[in-house]
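Have a look at the structure below, then the notes.
Number of protein chains: 2
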Amino acid sequence: MILVKLGGSVITDKSRLRTFKADACRRLATELLAAKESLVLVHGAGSFGHIEAKRHQLHKGFKEDEQLEHVAKVQRDVRELNLKVIEALIEGGIRAVSFPPAGAATFRACSVRSFDADAFRKLLDLGLTPVSFGDVVPDESMGFSICSGDLIMDSLAKTFRPKLAVFCADVDGVFDSDPKRNPKARLIARLDQKSLAKLKKSEPANDDVTGSIYGKLERMLAMARYCEKCMIVNGNVPGRLEKAIQGKKVVSTVVVAR
Amino acid sequence: MILVKLGGSVITDKSRLRTFKADACRRLATELLAAKESLVLVHGAGSFGHIEAKRHQLHKGFKEDEQLEHVAKVQRDVRELNLKVIEALIEGGIRAVSFPPAGAATFRACSVRSFDADAFRKLLDLGLTPVSFGDVVPDESMGFSICSGDLIMDSLAKTFRPKLAVFCADVDGVFDSDPKRNPKARLIARLDQKSLAKLKKSEPANDDVTGSIYGKLERMLAMARYCEKCMIVNGNVPGRLEKAIQGKKVVSTVVVAR
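Read top to bottom, the protein sequences are chains X and L.
Numbering (the working numbering) for the first sequence: 1 to 258.
Numbering (the working numbering) for the second sequence: 259 to 516.
Structure (structure tokens):
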């Protein structure tokens, strides 16, 4: 099985509220057709989730009744994105069906407390491609919280032990400094606990409602244990995802558990 | 708790593919605000589901691989409708959040095999209004099947034992003959097993992919056991749903278990 995360920064313009990148998503769909194995997809919420979630502090859980209207609105927005992704995937030839995280998992303190992959398995057995996504979810200790796409990736990896997990980002992989600010930044082809520790010392982190980039990388390292191969590729560069799926050499960061 | 089904014939134009009745849905949202108790909503698929589902025989389960593309497409269409309903409800002041049936239930031979209301309960506890809907779902014996909104209503009623369950239809209730063809048709104010048996003898049934009208009424009679009151009102007539929720006298058919 192959597990692919379509990052929120690839399928949306993260800086502009609810801006979907339809062309990118349709292209990624055709690249996904390279998969000979069954596929499970996850996508981030991008600008359909993070901006409003942050404005109303939804990542901090229930504080006041007024937030609930925004829980409903952000969930609605995220489903609008999911619908657009599903549509683009179907147009690209993938038999994509939506599966929201709260239909399979329960959450406690921003973590997955239980995960039942049965519904995913049934969809896969039928020959369909389940598509889950980052979402606002009920949380047993916080009332509600944000379930990132990465969190679902982790649960899916533990269950399905995929041959390959690919994270499509808007950069070529992990760099030794921020490639958007430093043109001399160098790509780290192989990221492990040691290279991450080194990186953390040298570079400050930018946060979004699903945590810092280092938190994300820590989770990827943990998740890599359950995958034959786990990698980050640039989803904005045509062909990268396809090559990764085909097992070809590709510009990327391979995440190595230990 | 109050359980309300927004019939597919009320929120969509059932004869025209994917035609949403936004005004009707927004009006029903404001009528729902009359509820002093927590609300769980279910909506039918209307012309976003039935037309294509019937064309590709999805209600008969898996027959050939070609159907799977249409399973994905009909699921997508139904989610488009759900998104529109959620949007209209939020605009009307309801904190509506989507919950697809396959996130809570498993299915076998067009029936609910297991139903876990935990996610609905969590959303209710938060003060949100869960909204489920008729959908194409994985089915353990048929591959996939159609889960009607009525089927979800039944499972929800068994779990929550609602004070009131209201089915919003495009007619005033159940008539002794088809009111669309016979102007002398008389409304049955109180429907029980006996009056249904009488009705069945005198009138032929029209089918959709979720079964004949008599099948629906049989299920309502079964479900009425779990509700303090169970009724059918005309969702197209402004104020009927509101009055039903307020416990006021209203043109309707009350469904009585025995």
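Cβ coordinates follow ideal geometry from the N, Cα and C atoms, glycine included.
Rounded separation between residue 310 of chain L and residue 273 of chain L - CA only:
Position 52 of the second sequence, counted from the start, is the residue given in the question as residue 310 of chain L. Position 15 of the second sequence, counted from the start, is the residue given in the question as residue 273 of chain L. Cα to Cα, the separation comes out at about 12 Å.
From residue 133 of chain X to residue 8 of chain X, what does the alpha carbon distance come to, in whole angstroms?
Here residue 133 of chain X refers to the residue found at position 133 of the first sequence. Here residue 8 of chain X refers to the residue found at position 8 of the first sequence. Put simply, the backbone Cα of residue 133 of chain X is about 10 Å away from that of residue 8 of chain X.
Between the segment 305 to 333 of chain L and chain X, which residues of the former have CB atoms less than 9 Å from a CB of the latter, in chain order?
Residues passing the 9 Å Cβ filter: 320, 323, 326, 327, 329, 330, 331 and 333.
Mapping DSSP to helix, strand and coil, what is residue 82 of chain X?
Along the first sequence, one-based indexing puts residue 82 of chain X at 82. Three-state result, residue 82 of chain X: helix.
The segment 313 to 323 of chain L contacting the segment 408 to 420 of chain L, beta-carbon criterion three pairs below 8 Å
Under the 8 Å Cβ criterion, the segment 313 to 323 of chain L does not count as touching the segment 408 to 420 of chain L, having fewer than three qualifying pairs.
Report the CB separation of residue 475 of chain L from residue 432 of chain L in whole angstroms; it is logged as a contact under 8 Å.
The count along the second sequence starts at 1 and reaches residue 475 of chain L at position 217. The count along the second sequence starts at 1 and reaches residue 432 of chain L at position 174. Contact flag correct, Cβ pair sits at about 7 Å.
Using a Cβ-Cβ cutoff of less than 6 Å, which residues in the same chain neighbour residue 124 of chain X once the five nearest sequence positions on both sides are dropped?
Walking along the first sequence from the start, residue 124 of chain X turns up at place 124. Only 38 meet the Cβ criterion.
When DSSP labels each residue in this structure, what does residue 106 of chain X get in the three-state scheme?
To locate residue 106 of chain X, count along the first sequence from 1; it is residue 106. Of the three classes helix, strand and coil, the one that applies to residue 106 of chain X here is strand, per DSSP.
Could you give the C-beta distance for residue 330 of chain L and residue 95 of chain X, rounded to a whole number, given that I count them as a contact under 8 Å?
On the second sequence, position 72 is the one that residue 330 of chain L refers to. On the first sequence, position 95 is the one that residue 95 of chain X refers to. Their Cβ separation, rounded to whole angstroms, is 4 Å, which keeps residue 330 of chain L and residue 95 of chain X in contact under 8 Å.
For the segment 133 to 178 of chain X, which segments carrying the beta strand (DSSP E) assignment without a break, of at least 3 residues, lie completely within its bounds, in sequence order?
Secondary structure in the segment 133 to 178 of chain X: the beta strand (DSSP E) runs of 3 residues or longer, each lying completely within the stretch, are 135 to 139, 143 to 147 and 164 to 169 in chain order.
Chain L contacts made by the segment 77 to 94 of chain X, where a contact means CB separation under 7 Å:
Taking 7 Å as the upper bound on Cβ-Cβ separation, chain L lies near residues 79, 80, 83, 86, 87 and 90 of the segment 77 to 94 of chain X.
Flag this pair as yes or no: are the beta carbons of residue 255 of chain X and residue 224 of chain X separated by less than 8 Å?
On the first sequence, residue 255 of chain X is found 255 positions in, with the first residue counted as 1. On the first sequence, residue 224 of chain X is found 224 positions in, with the first residue counted as 1. Less than 8 Å divides the Cβ of residue 255 of chain X from the Cβ of residue 224 of chain X.
Kindly indicate which residue of L/350, L/386, L/387 and L/395 has the alpha-carbon position closest to the one of residue 368 of chain L.
For the purposes of this step, residue 368 of chain L is taken as the residue at position 110 of the second sequence. Closest option to residue 368 of chain L, Cα to Cα, is L/395.
Could you name the residues of chain B that residue 358 of chain L contacts, counting a contact when the two beta carbons are closer than 9 Å?
Going by chain labels, chain B is absent from the structure shown, which instead holds the protein chains X and L.
Taking the alpha carbon of residue 100 of chain X as the reference point, which residue from L/377, L/429, L/455 and L/298 has its own alpha carbon closest?
Residue mapping note: residue 100 of chain X aligns to position 100 of the first sequence, counting from 1. Comparing Cα-Cα distances from residue 100 of chain X to each of L/377, L/429, L/455 and L/298, the minimum goes to L/377.
Give a yes or no on whether 8 Å exceeds the smallest Cβ distance from residue 122 of chain X to chain L.
By 1-based counting over the first sequence, the position of residue 122 of chain X is 122. Contacts with chain L at 8 Å (Cβ-Cβ) include residue 122 of chain X.
Quick check: the Cα distance between residue 227 of chain X and residue 385 of chain L, rounded to an integer number of angstroms?
For this step, residue 227 of chain X is matched to residue 227 along the first sequence. For this step, residue 385 of chain L is matched to residue 127 along the second sequence. Each residue's Cα considered, the two are about 39 Å apart.
Counting only C-beta atoms, is residue 119 of chain X closer than 8 Å to chain L at any point?
Taking the first residue of the first sequence as 1, we reach residue 119 of chain X at position 119. Closer than 8 Å to some Cβ of chain L, the Cβ of residue 119 of chain X qualifies, so yes.
Would you mind telling me which residues of chain L sit closer than 8 Å to residue 144 of chain X, beta carbon to beta carbon, in chain order?
Within the first sequence, the letter at position 144 stands for residue 144 of chain X. By Cβ distance, chain L contributes 384.
Using three-state DSSP, classify residue 495 of chain L as helix, strand or coil.
The residue you call residue 495 of chain L lines up with position 237 of the second sequence. In the three-state reduction of the DSSP assignment, residue 495 of chain L falls in the coil class.
Tell me, please, which residues DSSP counts as bridged to residue 489 of chain L.
Numbered from 1 along the second sequence, position 231 holds the residue referred to as residue 489 of chain L. Partner(s): L/424 and L/512.
Could you say which of L/387, L/393, L/398 and L/379 lies nearest to residue 371 of chain L if we only look at CA atoms?
Residue 371 of chain L sits at position 113 when you count from the first residue of the second sequence. Nearest C-alpha to residue 371 of chain L among L/387, L/393, L/398 and L/379: L/398.
Buried or exposed, going by whether 16 or more other CB atoms sit within 10 Å of the CB of residue 325 of chain L?
Here residue 325 of chain L corresponds to residue number 67 of the second sequence, with the count starting at 1. It is buried - the Cβ of residue 325 of chain L has at least 16 other Cβ atoms within 10 Å.
Considering only the beta carbon of each residue, do residue 4 of chain X and residue 48 of chain X sit closer than 8 Å?
Counted from its first residue, the first sequence places residue 4 of chain X at position 4. Counted from its first residue, the first sequence places residue 48 of chain X at position 48. The answer is no: Cβ separation not under 8 Å.
Please say whether residue 76 of chain X and residue 345 of chain L have beta carbons closer to each other than 8 Å?
Sequence index remark: in the second sequence, residue 345 of chain L carries index 87 (1-based). Sequence index remark: in the first sequence, residue 76 of chain X carries index 76 (1-based). With a cutoff of 8 Å on beta-carbon distance, residue 345 of chain L and residue 76 of chain X are scored as near each other.
I want to verify the contact list: residues of chain X whose CB lies under 7 Å from the CB of residue 388 of chain L, in sequence order.
Here residue 388 of chain L corresponds to residue number 130 of the second sequence, with the count starting at 1. Result: empty, since nearest Cβ-Cβ is about 10 Å, beyond 7 Å.
Out of curiosity, what's the CA-to-CA distance linking residue 45 of chain X and residue 316 of chain L?
Start at 1 with the first residue of the first sequence, and residue 45 of chain X comes out as number 45. Start at 1 with the first residue of the second sequence, and residue 316 of chain L comes out as number 58. Going by the C-alpha atoms only, they are around 31 Å apart.
Cβ of residue 138 of chain X within 8 Å of any chain L Cβ
Numbered from its first residue, the first sequence carries residue 138 of chain X at position 138. Closer than 8 Å to some Cβ of chain L, the Cβ of residue 138 of chain X qualifies, so yes.
Determine the closest residue to residue 121 of chain X out of X/106, X/144, X/107 and X/97, with distance taken between C-alpha atoms.
Taking the first sequence and counting its residues from 1, the one referred to as residue 121 of chain X is at position 121. The shortest C-alpha separation from residue 121 of chain X is found at X/97.
Spatially closest choice to residue 33 of chain X from X/257, X/246 and X/253, by CA coordinates:
Taking the first residue of the first sequence as 1, we reach residue 33 of chain X at position 33. When each option's Cα is compared against that of residue 33 of chain X, the closest is X/246.
According to the neighbour-count rule (16 or more other Cβ atoms, all chains shown, within 10 Å of its Cβ), is residue 93 of chain X buried or exposed?
Here residue 93 of chain X corresponds to residue number 93 of the first sequence, with the count starting at 1. By the neighbour-count criterion, in which a residue is buried when 16 or more other Cβ atoms sit within 10 angstroms of its Cβ, residue 93 of chain X is exposed.
Determine the direct distance from the alpha carbon of residue 160 of chain X to that of residue 373 of chain L, and round the result to whole angstroms.
Here the question's residue 373 of chain L lines up with position 115 in the second sequence. Here the question's residue 160 of chain X lines up with position 160 in the first sequence. Residue 373 of chain L and residue 160 of chain X have their C-alpha atoms some 24 Å from each other.
Among L/477, L/434 and L/473, which has the Cα closest to the Cα of residue 457 of chain L?
Numbered from 1 along the second sequence, position 199 holds the residue referred to as residue 457 of chain L. Among L/477, L/434 and L/473, the Cα nearest to that of residue 457 of chain L belongs to L/434.
Grouping DSSP H, G and I as helix and E and B as strand, with all else coil, what is residue 19 of chain X?
Counting from 1 along the first sequence, the entry for residue 19 of chain X is found at position 19. Reduced to three states, the DSSP call for residue 19 of chain X is coil.
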